[in-house]
Amino acid sequence: MVKGYHRYEPAVSFGVISSGVIAYDSSGKHLLAAALEKIGVWHVRQGVCTKTLAPSSNLKKGPSLAVTSIASSSSSSHIASGYAEGSIRIWDSEKGICETTLNGHKGAVTALRYSKLGSLLASGSKDNDVILWDVVGETGLFRLRGHRDQVTDLVFLDSGKKLATASKDKFLRVWDLDTQHCMQIISGHHTEIWSIDIDPEERYLVTGSADPELRFYTIKRDFADGQLIAKKSETNVNKDLPTDNKWEVLKSFGEIQRQSKDRVATVRFNKCGNLLACQVAGKMVEIFRVLDESESKRKAKRRVSRKKQKKAAKEGLEATDKGEADIGGSNPVVTVLDIFKLHQTLRAGKKISSISFSPVTSKNSLATLALSLNNNLLEFHAIESSSTTELSAIELQGHRAVVTSVTLSSDNALLMSTSHSGIKIWNPTTGSCLHTIDSGYGLCGLFVPGNKYAVVGTKGGTLEFIDVRSATCVEVVEAHGGAVQSIALTSDGTGFLTSSADQDIKFWEFQMVQKAGEIQGSKHLTASPTRSLKLHDDVQVVAASPDGKFIAAALLDNMVKVFYMDSLKFFLSLYGHKLPVLCMDISSDGDLLVSGSGDKNVKIWGLDFGDCHKSLFAHADSVTGVKFVRKTHYFFTAGRDRLVKYWDADKFELLLTLEDHHAEVCCLAMSNLGDFIVTGSHDRSIRRWDRTEQLFFLEEEKEKRLEEMFESDIDNGFENKYGLKEELPEEGAVALAGKKTQETLTATDSIIEALDMADAELKRIAQHEEDKSKGRVSEFRPNILMLGLSPSDYLLRTLSSVHTNDLEQAFQPLPFSYALKLMSYLENWASIPDKLELVIRVATLLLQLYHHQLVSTLSAKPLLTKLKDIRARVKERKDILGVNLAAMDHHRAQLMYSRSDAPFGNAKTKLWEIHTKGIEAREGTKQEKKRKKKQKKVDGGHVWS
């Protein structure tokens, strides 16, 4: 009989506040923070995580799903998140659901930006491409190619008609989205461009790189026959824009020297446009004040005046009129230094990963700036006119550094984790942080029987006794001369063992004591040493057998020595590892010992004779944790290769591989019942893996792993193996937006299968009708696989099940004969109102992909002629939508006009103010005319009254 094993699956992950990228939502009440593969929605004022946006469990797991970029739509509650494997997900932040997934990039998504209306989304990636997405239609429009390195940032220009993109290839490109070509290339940067942004009024574009200065460009927005349309609101800067080159959208405006020598990571304007933040790849944010037109002109005049005075003082003469004209005269030219002025410099305690301006402006400050630090911390700062004030910080829900150990209580109700400066008590079921306790650099820990106290061993050689109920450290005992490497509870629960870098193993006994000055009868836990065992080298790990018979010590010389617990006499020496043993555990029955080493191997030893049953190459890097499942010979291992593996120590077989961590796994804890495990990682995350009732079989898992390896080889190694490397794209080339995935291949197969089935069914129906007309009546039985639908409806159902974004790639491998068959159904489907949009998209894609074949095929002419009838139906639906939209706009205008606090109500007030000012201006003009008329009557010194 084939043996079945229970499957372990990821259940809860917690402990990560922010892993890098942050962004505010459109309301400004919530901050979106990337937390590895999740997005945490944090309420800014309350400091709590209200929602967590995470991919569903049926999607691909692992480090490839790490969130690399976030963009929030200013016109809706939609959020776009880019991932490390190239996918983009559109979320509804209010409902907390993923509305669609867009696949197009082959590398990590590095930049995302919504247009002002929120209908378009632009994305840049490490694959050097830029893709424009239709958010409403949930499909990619086209791919822009031309950059020679990773796209770092992008921004929409000219109300979404143009797109500016920056790259590590040191070039800034401007794309015309209507004609889909690159219309301007700007060079001049000496290093990679890391970030760009424009102010809300689209007057200036700023770029940040590793150069010591910020570069500014003016934006030309309106065009007519290649000439700039002059506006009344144009500044002196815009008047200097050339009108002879219609392709020149951006013109260099000037540079501003930065204070920091680190490269620029992010440049962002706030929503009002009066502040510009420049975040460097360090601890500093430089904040610039953007002066308005009147202030910048005054500053320019003062600059010209000072320059004239210096020149006059130098020459000893007054400036002539010609000199005034050379310098600028009464109307000087405004420079970039007259508009952008360094306001403040904000310094954080740790390196800054990302920044974001709040879209809501407070009454007491100019703006609110959120910072994401690389120590798993969020900070909120108020930028005031004279200083910067820290408003709040979100820090209690995670460790500031690596999780060094995790320990479960005996009833599995509490979880203790240690780090470099703190201890946290968690609820492992919900993942909520219950207590945070300041401590030394904790390396190991355990819960004392009864779960009221816990003991933590530190890097400084001390033992800290923690009262779990009051979340306080009640006693600190100097235990060793070196770091306490591990703690093991004795089998009777009355004490514990500690191992240290001072080459000692110490035995401790629990005691309840009362300190002087404490209330009578109130005692706390401590421990006193009873005996010690001196060894010849540093002791890395110590373990006690559950039956209390042996203790095992792993030394720095790669050896594992086993001693009798009672007499401390030497029993066995286990040698075979090539590097020091970092972790080990003894099975519940005391028969087996498993050791994990820095040599990437796991060895299974028998404690009866000390023989090595099996040596397993377990991980691609050092093995950091190993734990037996209680009352079994199954065990888990954790490694620095980010993997957790499940093994059978009797059959020496790998059972499962769990791969959700994004960094090396540092520690591992096993529940007493074996129903879940907990792991801690270098990425500061703590994850719980639950045992399910689902059974799996060893052979099936082996086949599954082989299939995954085969598919990964196809995806990653096909081009290199056969030399089919993709050539560099042409300058400003345009390509298809989507990419070929397993879903698109499956969609192609399902469409071909449905077409064949529909064609065969139509032939059966025609044959039945022919037999019926000839008198050979027989019962017609429809194909049961078509689910009782007609051939046309079944094909339409199959086509509707394909994701809109996958249609383009699904039609590419489709043979031309099948494309003709599909086109023959379009006229019939166009009569269905809800499917008209799908029909138009299918028709457009087929015409684009098979244009040359359709033109040269005579049999396709009738099909193309029938497609003309669809235009009338499209126009009819368009007219209906237009009338409905016009009626809704009219109704909304009436509602807003009736409200005094609505924008239309404010508009009425403004119109009345303009009308009143116009009357006052006319009255003033009349008075001025009377005064001039009276002045003209002055003649010869006599005034006519």
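Quick note: the sequence shown uses our numbering, first residue 1068, plus one each step.
Positions of the beta carbon are idealized from the N, C-alpha and C atoms, including for glycine.
Please read all numbers here as calculations on a predicted model, not as lab measurements.
Proximity of residue i and residue j at Cβ, strictly below 9 angstroms
| i | j | result |
| --- | --- | --- |
| Ala1800 | Arg1212 | yes |
| Ala1460 | Ser1488 | no |
| His1644 | Ser1664 | yes |
| Leu1683 | Lys1670 | yes |
| Gly1149 | Thr1177 | yes |
| Ile1155 | Leu1179 | yes |
| Leu1409 | Arg1356 | yes |
| Val1079 | Arg1751 | no |
| Val1551 | Gly1517 | no |
| Glu1820 | Asn1850 | no |
| Ser1136 | Val1088 | yes |
| Leu1862 | Tyr1885 | no |
| Met1651 | Ala1610 | yes |
| Thr1471 | Cys1734 | yes |
| Lys1573 | Ser1599 | yes |
| Gly1227 | Lys1183 | yes |
| Glu1462 | Leu1445 | yes |
Length of the line joining the Cα atoms of residue i and residue j
| i | j | result |
| --- | --- | --- |
| Val1347 | Phe1577 | 52 angstroms |
| Lys1350 | Lys1418 | 5 angstroms |
| Glu1761 | Leu1230 | It should be noted that the sequence gives Gln, not Glu, for residue 1761. Whole-angstrom Cα-Cα distance: 50 angstroms. |
| Ser1486 | Val1869 | 48 angstroms |
| Ser1595 | Phe1676 | 34 angstroms |
| Gly1416 | Ile1504 | 21 angstroms |
| Ile1653 | Leu1659 | 6 angstroms |
| Glu1545 | Glu1104 | 41 angstroms |
| His1749 | Ala1480 | 24 angstroms |
| Gly2022 | Ser1234 | The structure shown has nothing for residue 2022, since the chain only spans 1068 to 2012. |
| Arg1330 | Asp1278 | 7 angstroms |
| Asn1195 | Val1108 | 30 angstroms |
| Asp1216 | Gly1153 | 16 angstroms |
| Asn1305 | Val1427 | Confidence in Asn1305 is poor, its pLDDT being 46 and thus under 50, which makes the residue's placement too unreliable to answer from. |
| Ser1123 | Gly1095 | 27 angstroms |
| Phe1702 | Trp1756 | 14 angstroms |
| Ser1300 | Pro1267 | Its pLDDT being 40, under 50, Ser1300 is placed unreliably in this model, and the coordinates cannot settle the point. |
| Ile1157 | Glu1166 | 6 angstroms |
| Lys1051 | Lys1118 | The requested residue 1051 is not part of the displayed model; the chain covers only 1068 to 2012. |
| Ile1323 | Asp1264 | 15 angstroms |
| Cys1679 | Glu1768 | 26 angstroms |
| Ala1555 | Ser1566 | 9 angstroms |
| Ser1086 | Pro1495 | 21 angstroms |
| Asp1292 | Trp1314 | For Asp1292, the predicted model reports a pLDDT of 37, less than 50, meaning its position is unreliable; a value from the coordinates is still stated below. When rounded, the distance between both Cα atoms is 11 angstroms. |
| Val1371 | Thr1402 | 11 angstroms |
Terminal residues of the beta strand (DSSP E) in which residue i lies
| i | result |
| --- | --- |
| Phe1719 | Run containing Phe1719: none; DSSP gives neither H nor E here. |
| Thr1557 | Taken as a continuous stretch (DSSP letters only), Thr1557 belongs to no beta strand (DSSP E), as it is neither H nor E. |
| Thr1911 | Segment Leu1903 to Leu1916 is the alpha helix (DSSP H) holding Thr1911; no beta strand (DSSP E) there. |
| Arg1754 | Ile1753 to Phe1764 |
| Ser1262 | Ile1260 to Ile1265 |
Extent of the continuous alpha helix (DSSP H) run through residue i
| i | result |
| --- | --- |
| Arg1864 | Pro1858 to Ser1867 |
| Glu1836 | Gln1809 to Ser1840 |
| Ala1877 | Leu1874 to Phe1878 |
| Tyr1885 | Phe1883 to Met1890 |
| Leu1893 | Leu1893 to Trp1896 |
| Ala1802 | Unbroken run through Ala1802 is the beta strand (DSSP E), Ala1800 to Ala1802; no alpha helix (DSSP H). |
| Arg1282 | Run containing Arg1282: none in the alpha helix (DSSP H); it sits in the beta strand (DSSP E), Glu1280 to Ile1286. |
| Leu1404 | Val1403 to Ile1406 |
| Lys1366 | Glu1360 to Glu1382 |
Expected contact under 8 angstroms - CB spacing of residue i and residue j to nearest Å
| i | j | result |
| --- | --- | --- |
| Arg1848 | Leu1874 | Contact flag wrong, Cβ pair sits at about 33 angstroms. |
| Met1626 | Leu1641 | 7 angstroms |
| Asp1236 | Ser1262 | With a Cβ gap of about 15 angstroms, Asp1236 and Ser1262 do not count as contacting. |
| Val1241 | Val1316 | 5 angstroms |
| Val1690 | Met1737 | About 15 angstroms; that fails the 8 angstroms criterion. |
| Leu1438 | Ile1450 | With 8 angstroms as the limit, Leu1438 and Ile1450 do not qualify as a contact, their Cβ atoms being about 12 angstroms apart. |
Distance cut-off 8 angstroms: residue i Cβ against heavy atoms of the ligand SAH
| i | result |
| --- | --- |
| Arg1210 | Of the ligands one can find in the structure shown there are none, so the ligand SAH has no counterpart to examine. |
Task: 3 or more residues per run - each beta strand (DSSP E) lying fully within the stretch 1603-1634 - done: With a minimum length of 3 residues, the continuous beta strand (DSSP E) runs that stay inside the stretch 1603-1634 are 1606-1611, 1617-1622 and 1627-1631.
TODO: Quick one: which unbroken beta strand (DSSP E) runs of 3-plus residues sit fully inside the stretch 1155-1238? Chain order, please.
DONE: Taking only runs of at least 3 residues, the beta strand (DSSP E) segments lying wholly in the stretch 1155-1238 are 1164-1170, 1176-1181, 1187-1192, 1197-1201, 1206-1212, 1218-1224 and 1229-1234.
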